[in-house]
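Sequential numbering of the sequence shown, starting at 1, is according to this note's numbering. Where is the CB? At the ideal position from N, CA and C, for every residue including glycine. Read through the structure below, which is laid out as structure tokens, and then see the notes.
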Amino acid sequence: KTIDAAGKLVLPGGVDSHCHIEQLSSMGVMTADDFYSATVSAAHGGTTTVIPFCAQHRGDVLAEVLADYHSRARAKAVIDYGFHLIIANPDERTLQRDLPAAIHSGVRSFKIFMTYERTRLTDEQILDVMAAARKNGALVMVHAENHGVISWLAGRMVNQGNTLPRYHAICHTRGAEAEAIERVIRLAELVDCPILIVHVSTPEGIEAIRQARARGLKVFGETCPQYLFLTAKDIDIGLQGALFCCSPPPRDEKAQEACWRSLKDGTLHVYSSDHAPYGMEGKLPKGEKTTFKEMANGVPGLELRLPLLFTYGKNRITLEEFVNLTSTRHAQTYGLYPRKGTIAVGSDADIAIWDPERKVTVETTHDRTGYTPYKGRVLTGWPVTVLSRGEVIVADGKLAAERGRGQFLERAPSPALKPLGRDVPEIAQLKAWNTPLQL
Numbered sequence: 001k002t003i004d005a006a007g008k009l010v011l012p013g014g015v016d017s018h019c020h021i022e023q024l025s026s027m028g029v030m031t032a033d034d035f036y037s038a039t040v041s042a043a044h045g046g047t048t049t050v051i052p053f054c055a056q057h058r059g060d061v062l063a064e065v066l067a068d069y070h071s072r073a074r075a076k077a078v079i080d081y082g083f084h085l086i087i088a089n090p091d092e093r094t095l096q097r098d099l100p101a102a103i104h105s106g107v108r109s110f111k112i113f114m115t116y117e118r119t120r121l122t123d124e125q126i127l128d129v130m131a132a133a134r135k136n137g138a139l140v141m142v143h144a145e146n147h148g149v150i151s152w153l154a155g156r157m158v159n160q161g162n163t164l165p166r167y168h169a170i171c172h173t174r175g176a177e178a179e180a181i182e183r184v185i186r187l188a189e190l191v192d193c194p195i196l197i198v199h200v201s202t203p204e205g206i207e208a209i210r211q212a213r214a215r216g217l218k219v220f221g222e223t224c225p226q227y228l229f230l231t232a233k234d235i236d237i238g239l240q241g242a243l244f245c246c247s248p249p250p251r252d253e254k255a256q257e258a259c260w261r262s263l264k265d266g267t268l269h270v271y272s273s274d275h276a277p278y279g280m281e282g283k284l285p286k287g288e289k290t291t292f293k294e295m296a297n298g299v300p301g302l303e304l305r306l307p308l309l310f311t312y313g314k315n316r317i318t319l320e321e322f323v324n325l326t327s328t329r330h331a332q333t334y335g336l337y338p339r340k341g342t343i344a345v346g347s348d349a350d351i352a353i354w355d356p357e358r359k360v361t362v363e364t365t366h367d368r369t370g371y372t373p374y375k376g377r378v379l380t381g382w383p384v385t386v387l388s389r390g391e392v393i394v395a396d397g398k399l400a401a402e403r404g405r406g407q408f409l410e411r412a413p414s415p416a417l418k419p420l421g422r423d424v425p426e427i428a429q430l431k432a433w434n435t436p437l438q439l
């Protein structure tokens, strides 16, 4: 078959390395999307690979969690997928048996939380997880916010009757993000473990990453559409502000500019959706009586991630940087390159053909959330034809892919994630005494 791409841009399909699909939240709320609707939505937006999370909750056996997610995705996904793990129960079996087995089966990254009562880990537990990652060649992704700060402020806000969604943004302070990023960088340096800080939203957090990278540490940063295209003002519209609530929250125009600059200079390494789709029943489970503490946290973004950056990135980033931020660096960081993230002989022929002049007014998307925070925006540039492994899966807005055609991607060790082999002074002293630290 010949595809006429005259006047179009032929780019690698997007790789979205941060999305929540058919996942139960720590609050017990299921995302609106399953693996079919989410991957259909992704494909319509030019994304051809997703890496969602297999979420372990307290008491869950990690191996069983991974097997469950495999069965869900295998039957439904229309594009290729990998997995990250969320570690909330770092007991002996998880660390000594299930994590190494998962890593060696091609699941080479996992996420830890420094906040949320049911998922957060202590510093000691974080070090345990980092040690397991270091030993087995995996990447640790970190949701970095200071839990004590958030909990302290949230309790006082609710006690004072300040329960609207806008107070969510007050409690998740810039300082809470910055402190947690600084702390987890020090923990990672102790163990010599590469880390990636997800959904960075503040100039202060960016600066902590910049300083760590200037010291040569393997610290990577990610940001998302909500930190480039939304602000806290979007939340300040009464109860409907719940639709814009995520953690960390959108900040202000100054923070947006800091994120843009850091995408340009490389301090922030990748641009992901953090697609966390919750319908109104998840956002406002008690209707008008719902407090900000009871709202499901997250916004949808899988389908619009690329078109938003393509539109607003004009005169900010080059086309090559667009491809790097949305595809190539994801593939390189997460062990999928050169199978994904490039157009080359031997690669998978995941391709998005863009009409750079196509104007689209955002009304709805193909996910099941029922809303988009970007409704009404006029976007210029849209993927009109999308191929996955050489097969056309979207043609001019119409799906041409069968349920379950997506394949699981076993990921290789990434050269970018090789530990430095550099010790902090205390660990170096242990080696000098011939009593090295045992991970």
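- [ ] Could you have a look at Cys224 and say whether DSSP puts it in helix, strand or coil?
- [x] Coil, per DSSP.
Task: Alpha-carbon spacing of Tyr278 relative to Leu239, whole angstroms - done: Computed Cα separation, rounded: 15 Å.
Open item on the list: At 3 residues or longer, what runs of the beta strand (DSSP E) sit wholly inside the stretch 209-279?
Closed with: Runs found: 219-223.
Task: Alpha-carbon to alpha-carbon, Asp192 and Pro419 - done: Each residue's alpha carbon lies about 6 Å from the other.
Task: Inter-residue Cα distance where the pair is Leu99 and Asp60 - done: Going by the C-alpha atoms only, they are around 13 Å apart.
Open item on the list: Three or more C-beta pairs under 8 Å: does that hold for the stretch 38-50 against the stretch 395-415?
Closed with: For the pair of segments examined, the stretch 38-50 was found to touch the stretch 395-415: the number of CB pairs separated by less than 8 Å reaches three.
Task: Range covered by the beta strand (DSSP E) that runs through Glu442 - done: The requested residue 442 does not occur in the structure, where the chain is confined to residues 1 to 439.
Open item on the list: Starting from Pro307, trace the alpha helix (DSSP H) in both directions and tell me its first and last residue.
Closed with: For Pro307, the uninterrupted alpha helix (DSSP H) run begins and ends at 305-312, by DSSP.
Task: Endpoints, alpha helix (DSSP H) assigned at Ser151 - done: Membership of Ser151 in the alpha helix (DSSP H) is indicated by the continuous run 147-159.
TODO: Using DSSP bridges, identify the partner residues of Thr47.
DONE: Under DSSP, Thr47 forms a beta bridge with Gly14.
TODO: Buried or exposed for Cys256, please, with buried defined as at least 16 other CB atoms from any protein chain shown within 10 angstroms of its CB.
DONE: The sequence shown places Gln at residue 256, rather than the Cys named in the question. Residue burial annotation: Gln256 is buried, with at least 16 other C-beta atoms found within 10 angstroms of its C-beta.
TODO: May I ask you to list the residues that DSSP assigns as paired with Met141?
DONE: BP columns for Met141 point to Lys111, Leu196.
Open item on the list: Considering only DSSP beta bridges, list what His84 is partnered with.
Closed with: In the DSSP output, where bridge partners are listed per residue, His84 has Phe53.
TODO: Look at Lys84 and Phe113 and say whether their C-beta atoms are less than 8 Å apart.
DONE: First, the amino acid is wrong: residue 84 is His here, not Lys. At the C-beta level, His84 and Phe113 stay beyond 8 Å of one another.
Open item on the list: Is it buried or exposed, Ser41, if we count other Cβ atoms within 10 angstroms and call 16 or more buried?
Closed with: Classification of Ser41: buried, given that the 10 Å Cβ count is 16 or more.
Open item on the list: Beta-carbon within less than 7 Å of Tyr167's beta-carbon, same chain only, minus the 5 sequence neighbours each way: which residues are those?
Closed with: A distance below 7 Å between beta-carbons, with the five flanking residues on each side excluded, links Tyr167 to the following residues of its chain, in chain order: Met157, Phe292.
Open item on the list: Do Arg118 and Ser26 have their beta-carbon atoms positioned less than 8 Å apart in this structure?
Closed with: Going by C-beta atoms, Ser26 is nearer than 8 Å to Arg118.
- [ ] Indicate the three-state DSSP secondary structure (helix, strand or coil) for Lys8 in the structure shown.
- [x] Coil at Lys8, not helix or strand.
Task: Candidates Asp252, Lys254, Leu268: closest to Gly211 by CA position - done: The sequence shown places Gln at residue 211, not Gly. Ranking Asp252, Lys254, Leu268 by CA distance to the CA of Gln211 puts Leu268 first.
Open item on the list: Quick check: the Cα distance between Arg213 and Leu308, rounded to an integer number of angstroms?
Closed with: The straight-line gap from Cα to Cα measures roughly 28 Å.
Task: Bridge partners - Ser501, DSSP secondary structure assignment - done: Examination of residue 501 is not possible in this model, given that the chain is present from 1 through 439 alone.
Open item on the list: Between the stretch 388-396 and the stretch 294-310, can you find at least three pairs of beta-carbon atoms closer than 8 Å?
Closed with: Cβ pair count under 8 Å is below three, so no.
Open item on the list: Would Val270 and Leu325 qualify as a contact pair, given that the criterion is a beta-carbon distance under 8 Å?
Closed with: Cβ distance < 8 Å, so Val270 and Leu325 count as in contact.
Open item on the list: So Val149 and Thr173 are supposed to be a Cβ contact under 8 Å. How far apart are they, rounded?
Closed with: Their Cβ separation, rounded to whole angstroms, is 6 Å, which keeps Val149 and Thr173 in contact under 8 Å.
Task: DSSP state of Arg358 mapped onto helix, strand, coil - done: Reduced to three states, the DSSP call for Arg358 is strand.
Open item on the list: With H, G and I counted as helix, E and B as strand and the rest as coil, what does DSSP make of Leu99?
Closed with: Leu99 falls in the helix class under three-state DSSP.
Task: Extent of the continuous alpha helix (DSSP H) run through Thr333 - done: That run of the alpha helix (DSSP H) goes 329-333.
Open item on the list: What does the Cβ neighbour count give for Ser262, buried or exposed, with the cut at 16 atoms within 10 Å?
Closed with: Counting other Cβ atoms within 10 Å of its Cβ, Ser262 reaches 16 or more and is therefore classed as buried.
- [ ] Write down the C-beta distance between Ala331 and Val15 rounded to the nearest angstrom, noting that I regard them as a contact closer than 8 Å.
- [x] Right, the Cβ-Cβ distance comes to about 5 Å (below 8 Å), so this counts as a contact.
Open item on the list: Measuring straight from C-alpha to C-alpha, what distance separates Val362 and Trp382?
Closed with: So the two alpha carbons sit approximately 11 Å from each other.
TODO: Let me know if Lys283 comes out buried or exposed under the rule of 16 or more other beta-carbons within 10 Å of its beta-carbon.
DONE: It is buried - the Cβ of Lys283 has at least 16 other Cβ atoms within 10 Å.
TODO: Evaluate contact between the stretch 219-237 and the stretch 199-211, counting only Cβ atoms and requiring at least three cross-stretch pairs below 8 Å.
DONE: The stretch 219-237 is in contact with the stretch 199-211.
- [ ] With DSSP as the reference, label Val299 as helix, strand or coil.
- [x] In the structure shown, the three-state DSSP call for Val299 is strand.
Task: Distance, Ala6 Cα to Val65 Cα - done: Looking at the two C-alpha atoms, the distance is approximately 46 Å.
Open item on the list: Run through the DSSP bridge pairs and tell me what Ala352 is partnered with.
Closed with: Among the bridge pairs identified by DSSP, Ala352 is matched with Leu11, Val386.
TODO: Since I believe Pro12 is in contact with Ile351 (beta carbons under 8 Å), could you give me their beta-carbon distance rounded to a whole number of angstroms?
DONE: Contact holds; Cβ gap of about 7 Å.
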